[in-house]
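As given, the protein sequences belong to chains B and P, one line each in that order. The numbering of the first sequence is this note's numbering, which starts it at 1 and goes up by one. The numbering of the second sequence is this note's numbering, which starts it at 1 and goes up by one. Using N, Cα and C, we set each Cβ at its ideal position, and we do this for glycine too.
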Amino acid sequence: MQVVGKVSDNTLYIFLSGELDEHSAPGARKMADAAIDANAACERAVFDLSGVRFMDSTGIGFLVGRYKRLRRYGIPAALQSVDFAADKVLAMSGIYALIPKL
Amino acid sequence: MNNRMTLELPSLSANGPFARDTVAAFCAQLDPSLDELSDVKTAVSEAITNCIVHAYPDGPGTVRIECAAEKSALHIRIIDYGRGIADIPRALEPFYTTLESEERSGMGFTIMQAFMTDFSVYSEPGKGTTVSMRKEFLRGGAREEDAQLPAEDADGPDTETAAAVTKVADAR
Chain B
1 MQVVGKVSDN TLYIFLSGEL DEHSAPGARK MADAAIDANA ACERAVFDLS
51 GVRFMDSTGI GFLVGRYKRL RRYGIPAALQ SVDFAADKVL AMSGIYALIP
101 KL
Chain P
1 MNNRMTLELP SLSANGPFAR DTVAAFCAQL DPSLDELSDV KTAVSEAITN
51 CIVHAYPDGP GTVRIECAAE KSALHIRIID YGRGIADIPR ALEPFYTTLE
101 SEERSGMGFT IMQAFMTDFS VYSEPGKGTT VSMRKEFLRG GAREEDAQLP
151 AEDADGPDTE TAAAVTKVAD AR
């Protein structure tokens, strides 16, 4: 799993690519948190899942964890490019109430 | 068609991708759609994660995965010999987790139930847990029906197809 943070127009885009599961989550958390901490002055954050090839419920925990971290900085979060399979997992959790889809 | 596969591996998180991809490869003979295949991979991943995190919290133990292909369905059992589950109804509740601090969603069993056609879990505390699931592949069944069509309608389109195939072969 690769996590890349890019800032554009005061928005922190967090691009996830690869497979998000029990094995890859610890590394993904670290990379995402580093990107968030380094860009704490951003106005909002967007998780881009276009490169995610597989995601199980680990993805829910991952996103909620990052949502909480962003909230500490007062940064609202959103999701984009969620494919059918990831959407099926995320929709079940009701996470879109916290992190809406763009 | 009846076919079987058994896979046994230690409950290492690094084995998760291998296990779900192997089960997906076994499913190929049942002609699943990509969405159905994704459902199976996700359910398997959830079950294996449970083995890693809950069944063997102190270190790797054995996980056994038994698959059977029968008609248009995959039957799968994921077995561990670990800690077991004392209160299964509780464990099946959405969002219930014993490990809140680790960013766990508590959605594993809920996803297995929602993504598979049938689901059941048997557990004995101290002895282990068996998750049994079945996934009915709709396209696999539909293809079997398709295959019967030419027998009912023997001539006509078939000769045209044969001619077209000959033409393509001639062109090469």
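Pick from the options: whose alpha carbon is nearest that of residue i?
{"i": "Gln-80(B)", "options": "Asp-9(B), Asp-33(B), Asn-39(B) and Ile-99(B)", "result": "Ile-99(B)"}
{"i": "Pro-133(B)", "options": "Tyr-96(B), Leu-90(B) and Lys-88(B)", "result": "For chain B, the structure presents residues 1 to 102; residue 133(B) sits outside this window and is missing."}
{"i": "Lys-127(P)", "options": "Glu-102(P), Gly-106(P), Gly-82(P) and Phe-95(P)", "result": "Gly-82(P)"}
{"i": "Arg-72(B)", "options": "Thr-58(B), Pro-26(B) and Ala-45(B)", "result": "Ala-45(B)"}
{"i": "Phe-95(P)", "options": "Arg-69(B), Val-82(B), Val-64(B) and Lys-101(B)", "result": "Val-64(B)"}
{"i": "Asp-56(B)", "options": "Ser-93(B), Thr-11(B) and Val-7(B)", "result": "Ser-93(B)"}
{"i": "Asp-118(P)", "options": "Arg-4(P), Glu-102(P), Val-40(P) and Glu-8(P)", "result": "Val-40(P)"}
{"i": "Leu-12(P)", "options": "Tyr-56(P), Leu-99(P) and Gln-29(P)", "result": "Tyr-56(P)"}
{"i": "Pro-10(P)", "options": "Thr-42(P), Ser-33(P) and Asp-58(P)", "result": "Asp-58(P)"}
If I follow the unbroken alpha helix (DSSP H) through residue i, where does it start and stop?
{"i": "Phe-18(P)", "result": "15 to 27"}
{"i": "Phe-109(P)", "result": "108 to 115"}
{"i": "Ala-38(B)", "result": "25 to 38"}
{"i": "Pro-89(P)", "result": "88 to 92"}
{"i": "Ile-99(B)", "result": "Ile-99(B) -> no alpha helix (DSSP H), and no H or E assigned at all."}
{"i": "Glu-66(P)", "result": "Unbroken run through Glu-66(P) is the beta strand (DSSP E), 62 to 70; no alpha helix (DSSP H)."}
Could you spell out where the beta strand (DSSP E) holding residue i opens and where it closes?
{"i": "Arg-134(P)", "result": "128 to 136"}
{"i": "Leu-12(B)", "result": "11 to 20"}
Assuming residue i and residue j form a contact by the criterion Cβ under 8 Å, report the distance between their Cβ atoms to the nearest whole angstrom.
{"i": "Glu-19(B)", "j": "Arg-66(B)", "result": "About 17 Å; that fails the 8 Å criterion."}
{"i": "Pro-125(P)", "j": "Ala-91(P)", "result": "Not quite, the Cβ-Cβ distance comes to about 12 Å (not below 8 Å), so this is no contact."}
Quick check: the stretch 27 to 47 of chain P against the stretch 67 to 81 of chain P, are there 3 or more CB pairs under 8 Å?
-> For the pair of segments examined, the stretch 27 to 47 of chain P was found to touch the stretch 67 to 81 of chain P: the number of CB pairs separated by less than 8 Å reaches three.
Of all the residues that make up the stretch 2 to 18 of chain P, which are near chain B by a beta-carbon distance shorter than 8 Å?
-> Those residues of the stretch 2 to 18 of chain P that come within reach of chain B (Cβ to Cβ, closer than 8 Å) are Ser-13, Ala-14, Gly-16 and Pro-17.
Mind listing which residues of the stretch 50 to 62 of chain B have their C-beta closer than 9 Å to chain P's C-betas, in chain order?
-> Residues passing the 9 Å Cβ filter: Phe-54, Met-55, Asp-56, Ser-57, Thr-58, Gly-59, Ile-60, Gly-61 and Phe-62.
Does the stretch 35 to 50 of chain B touch the stretch 53 to 70 of chain P, meaning 3 or more C-beta pairs lie closer than 8 Å?
-> Touching, no.
Can you give me, in chain order, the residues of the stretch 109 to 123 of chain P that have a beta carbon less than 7 Å from any beta carbon in chain B?
-> Of all residues in the stretch 109 to 123 of chain P, those with a C-beta nearer than 7 Å to a C-beta of chain B are Thr-110, Ile-111 and Ala-114, reading in chain order.
Quick one: which residues of the stretch 67 to 92 of chain B get their C-beta closer than 8 Å to a C-beta of chain P? List them in chain order.
-> Taking 8 Å as the Cβ-Cβ cut-off against chain P, the residues of the stretch 67 to 92 of chain B that qualify are Phe-84, Ala-85, Lys-88, Val-89 and Met-92.
Interface positions of the stretch 11 to 37 of chain B facing chain P (Cβ-Cβ less than 7 Å), listed along the chain = So the list reads Glu-19, Asp-21, Glu-22 and His-23, given in the order they occur along the chain.
If you measure beta-carbon to beta-carbon, which residues of the stretch 45 to 68 of chain P are closer than 9 Å to chain B?
-> For the stretch 45 to 68 of chain P, the beta-carbon criterion of a distance under 9 Å to any beta-carbon of chain B is satisfied by Ser-45, Glu-46, Ile-48, Thr-49, Ile-52 and Val-53.
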